[in-house]
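First the structure, in the form of structure tokens, and then the observations on it.
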Amino acid sequence: MWRSSQRGRDEVTCIACGDSVARSEAREYDKFGDRWDREGKEFEHLCKPCDRERCHQPRGELEALLEDVESAAAGRDRDAFLATYLELAERADSVEER
Numbered sequence: 001m002w003r004s005s006q007r008g009r010d011e012v013t014c015i016a017c018g019d020s021v022a023r024s025e026a027r028e029y030d031k032f033g034d035r036w037d038r039e040g041k042e043f044e045h046l047c048k049p050c051d052r053e054r055c056h057q058p059r060g061e062l063e064a065l066l067e068d069v070e071s072a073a074a075g076r077d078r079d080a081f082l083a084t085y086l087e088l089a090e091r092a093d094s095v096e097e098r
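Under UniProt numbering, the residue at position 4 of the sequence shown is numbered 4, and the numbers go up by one with no gaps.
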């Protein structure tokens with residue numbers, strides 16, 4: 001049922017640190033924040049230490065913002081990416097405050 005896509009996969013790679021860990025020693029991470037709607041999804045994984053270190057607070061529209069930044073800064077350097085992120089994040093904050 002739920003674990004059908006996991007059969008035969010004994011190890012997964014942590015998206016935070018890159019370590020390969022046993023599936024039983026990892027936590028599923030759904031970048032859309034809806035791990036209960038499992039149909040058609042491939043989950044990413046975090047090792048337990050990285051999962052404990054991450055912020056478990058709601059991320060609002062962070063994933064959508066990052067996708068917008070990646071599109072706007074495609075192929076540019078890290079500084080351009082960060083500048084674009086700050087610009088779009090500030091714009092989003094000013095819209096939310098209204």
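Glycine residues also receive a C-beta, built at the ideal position from the N, C-alpha and C atoms.
It should be emphasised that the depicted structure is a prediction, and the values quoted were computed from it without experimental measurement.
- Counting of Cβ neighbours within 10 angstroms places Leu46 among the buried residues, the total reaching 16 or more.
- The segment 38–52 and the segment 11–27 touch, with three or more beta-carbon pairs separated by less than 8 Å.
- As the crow flies, the alpha-carbon of Arg54 is around 26 Å from that of Ala73.
- Annotation for Ala26: the continuous beta strand (DSSP E) segment containing it runs 26–29.
- Between the alpha carbons of Glu44 and Ala64 lies a distance of about 17 Å.
- For Val69, same chain residues with a beta-carbon under 7 Å away, outside a window of 5 residues either side, are Phe81, Thr84, Tyr85, Leu88 in chain order.
- C-alpha of Lys41 to C-alpha of Arg91: approximately 31 Å in a straight line.
- Its Cα nearest to that of Gly60, the residue Lys31 stands out among Ala26, Asp10, Lys31, Ile15.
- Look at Glu44 here: in three-state DSSP terms it is strand.
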